[in-house]
Amino acid sequence: MLEITRDDFSIDEIVQKIKTEDIGAIVSFIGIVRGKSNGKNVNKLEFEAYKKMAILQLKNIRAETFRKFNVNQIAIVHRIGSLKVSDNILLIVVGATHRDEAFKACRHVLEQLKKTLPIWKKEFTPEESYWIEGETHGKDA
Amino acid sequence: MLEITRDDFSIDEIVQKIKTEDIGAIVSFIGIVRGKSNGKNVNKLEFEAYKKMAILQLKNIRAETFRKFNVNQIAIVHRIGSLKVSDNILLIVVGATHRDEAFKACRHVLEQLKKTLPIWKKEFTPEESYWIEGETHGKDA
Amino acid sequence: MKILVKFFASCRELCGKTSERFQLQDKATLRDLRSVVMSMHPILENMRDYLLISLNETFVTEQTELKEGDVVAFFPPVSGG
Amino acid sequence: MKILVKFFASCRELCGKTSERFQLQDKATLRDLRSVVMSMHPILENMRDYLLISLNETFVTEQTELKEGDVVAFFPPVSGG
């Protein structure tokens with residue numbers, strides 16, 4: 001399950017979906033809108049995606065993670081559109097036989113996604129709004 | 142939230158409960174009953190707890206994790222009783238400002254709990270049943 | 283003094299009970315209690331090397347002196363999670 | 364040949380549009396297209412050093428030759444997650 005969507009997600013539902021008899025450990029990461037960013041109050045965030053490329057990138061990240069780690073299931077959902085403080089942004093769920101691989105693979109998916117997923121974040125403070133631009137350039141994907 | 146219970150848990154509910162404006166990253170671990178253990182088919186597991194001591198241990202683990210890592214919230218639920226294949230056993234949810242601390246703290250809680258939480262697992266295969274005994278002795282807690 | 287001893291998991295099954303009261307002399311230590319329990323339940327000898335013993339829900343040294351009302355527990359290495 | 368160029372995030376706002384069609388000579392490369400786009404939208408010069416360009420949803424070198432129907436996208440470094 002790889003999705004770029006405006007809708008919120010249910011972790012319980014996705015966990016239920018990916019369970020198989022082999023899975024003994026599920027590690028998940030949820031990214032959430034914080035009320036402050038670099039000391040400034042944040043009213044909302046807006047996420048924009050190059051959706052077709054983002055889905056392709058998610059497939060690449062998943063395939064590469066399956067090659068590197070002994071895990072059984074990887075689900076990723078990234079929300080786009082306008083999100084307010086404490087809203088969910090991102091969900092990564094990794095199911096594996098054992099816990100060590102599940103932790104490592106989940107972290108790996110997250111780091112790759114932060115470097116290469118064509119999604120951009122605009123922060124809205126009470127005074128202004130500005131695009132956040134990542135430090136890395138995605139070309140290592 | 143620290144619980145030793147017979148009941149199943151909802152990750153969505155617990156994530157919702159621990160959210161605050163400071164939290165940008167939530168890492169969770171779910172332990173699940175596998176259909177095989179050391180090559181043998183498993184029909185069910187039974188978990189027994191020294192409940193009073195287990196709650197005390199969970200408090201110790203949480204307090205120690207707060208001292209070691211910069212995280213805001215830690216919730217732990219461990220189920221007891223009879224659990225079948227693909228049932229949830231354990232949930233650890235850690236909320237933090239940033240992802241690195243959330244991952245490390247969640248893993249730390251899990252490793253401490255596996256060493257020191259007074260809960261025991263009995264495996265039931267089609268042929269027999271036996272207690273699983275941990276390798277470490279818990280005295281380092 | 284009377285000390286309540288609880289048994290968990292394989293210890294519970296080996297002893298055939300979840301708890302038992304033991305009468306000890308004043309100033310008896312956890313080590314003394316252990317000897318008494320082992321002599322009542324020699325089957326626990328099998329797991330002597332890795333048996334864990336808690337006093338009032340915490341791990342303490344075997345030199346610790348017991349007092350009336352203490353709760354001691356015997357159990358194998360934990361395997362939750 | 365005609366090439367569709369998409370703009371995202373700050374590139375989209377700077378150019379004031381989400382996409383634009385460009386007419387190029389046969390055998391033109393991604394680098395040639397980049398020059399044409401930059402001359403039409405000189406405001407993109409500000410982000411010249413870190414601008415990312417994809418061809419048909421993948422990253423390729425600027426020497427890559429374009430062909431009719433290709434879709435190119437201009438955008439800043441990603442910041443999702």
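First to last, the sequence lines map onto chains A, B, C and D.
Be aware that the first sequence starts at 1, since it is given in our numbering, and climbs by one per residue.
Be aware that the second sequence starts at 142, since it is given in our numbering, and climbs by one per residue.
Be aware that the third sequence starts at 283, since it is given in our numbering, and climbs by one per residue.
Be aware that the fourth sequence starts at 364, since it is given in our numbering, and climbs by one per residue.
A virtual CB, placed ideally from N, CA and C, is assigned to each residue, including glycine.
Exercise. According to DSSP, is B/HIS249 helix, strand or coil?
Worked result: For B/HIS249, the secondary structure class from DSSP, reduced to helix, strand or coil, is helix.
For this session: Over the uninterrupted alpha helix (DSSP H) stretch that includes B/THR146, give me the two end residues.
Result: That residue, B/THR146, is in no alpha helix (DSSP H); its beta strand (DSSP E) goes 143 to 146.
For this session: Would you mind working out which of B/ASP153, B/ARG147, B/VAL168 and B/ILE145 sits nearest B/ALA243, comparing C-alpha positions?
Result: B/VAL168
Exercise. Just how far apart, CA to CA, sit B/SER223 and B/THR266?
Worked result: 13 Å
Exercise. Going straight from the alpha carbon of B/LYS193 to that of C/GLU344, what length do you get?
Worked result: 21 Å
Problem set entry | C/SER292 at chain B interface by Cβ criterion, 8 Å | yes
Exercise. Since D/SER373 is in the beta strand (DSSP E), which residue starts that stretch and which ends it?
Worked result: From DSSP, D/SER373 is part of no beta strand (DSSP E) but of the alpha helix (DSSP H) over 372 to 378.
Problem set entry | Touch test, the segment 38 to 48 of chain A against the segment 409 to 416 of chain D, Cβ-Cβ under 8 Å, three pairs minimum | no
Problem set entry | Member of C/VAL360, C/LEU348, C/ARG316 and C/ILE325 whose CA lies at the smallest distance from the CA of C/MET283 | C/LEU348
Exercise. Is there at least one Cβ from chain D nearer than 8 Å to A/MET53's Cβ?
Worked result: It does; some Cβ of chain D falls within 8 Å.
For this session: Could you run through the segment 69 to 91 of chain A and flag, in chain order, every residue whose CB is less than 8 Å away from some CB of chain D?
Result: HIS78, ILE89 and LEU90
Exercise. At least one CB of chain A closer than 8 Å to the CB of B/VAL156: is that the case?
Worked result: yes
For this session: Report yes or no: is there a C-beta of chain B within less than 8 Å of the C-beta of C/ALA355?
Result: yes
For this session: Return yes when the Cβ of D/LEU387 is within less than 8 Å of the Cβ of D/LEU396, no when it is not.
Result: yes
Exercise. Would you call B/ALA204 buried or exposed, if buried means 16 or more other Cβ atoms sit within 10 Å of its Cβ?
Worked result: B/ALA204 is exposed by the Cβ-count criterion.
Problem set entry | Alpha-carbon spacing of A/ALA54 relative to D/GLY444, whole angstroms | 12 Å
For this session: Drop a sphere of 10 angstroms on the beta-carbon of A/GLN16, count the other beta-carbons inside from all chains shown, and report buried for 16 or more, exposed for fewer.
Result: exposed
For this session: Measuring alpha carbon to alpha carbon, tell me which of B/GLU162, B/ILE164, B/ASP163 and B/ILE171 ends up nearest B/PHE150.
Result: Residue nearest to B/PHE150 within the set B/GLU162, B/ILE164, B/ASP163 and B/ILE171 is B/ILE171 (criterion: CA-CA distance).
Exercise. Just reading off the beta strand (DSSP E) that C/ASN338 is part of, what are its end residues?
Worked result: Neither: C/ASN338 is in no beta strand (DSSP E) and is coded neither H nor E.
Exercise. Do A/LEU90 and A/HIS108 have their C-beta atoms closer together than 8 Å?
Worked result: no
Exercise. Taking the continuous alpha helix (DSSP H) assigned at A/GLN16, which residues delimit it?
Worked result: 11 to 18
Exercise. For A/PHE103, which residues in chain D fall below 9 Å Cβ to Cβ?
Worked result: Within 9 Å Cβ-Cβ: nothing; A/PHE103 doesn't reach chain D, min ~17 Å.
Problem set entry | Within chain D, partners of A/PHE9 - CB distance below 7 Å | Correct list: empty, because the minimum Cβ distance to chain D is about 15 Å.
Problem set entry | Contact set for D/THR381: own chain, Cβ-Cβ below 7 Å, skip 5 residues either direction | LYS369, PHE370 and ARG375
For this session: Buried or exposed for B/THR161, please, with buried defined as at least 16 other CB atoms from any protein chain shown within 10 angstroms of its CB.
Result: exposed
Exercise. Exposed or buried, what is A/ILE193 when buried is set at 16 or more other beta-carbons lying within 10 Å of its beta-carbon?
Worked result: Here chain A covers residues 1 to 141 and nothing more, so residue 193 of chain A does not appear.
Exercise. So, is C/GLY351 buried or exposed, given that buried needs 16 or more other C-beta atoms within 10 angstroms?
Worked result: exposed
Problem set entry | Three-way DSSP call (helix, strand, coil) for A/ARG23 in this model | The displayed chain sequence assigns Ile, not Arg, to residue 23 of chain A. A/ILE23: coil per DSSP, three-state reduction.
Exercise. For D/LEU367, which three-state DSSP category applies?
Worked result: For D/LEU367, the secondary structure class from DSSP, reduced to helix, strand or coil, is strand.
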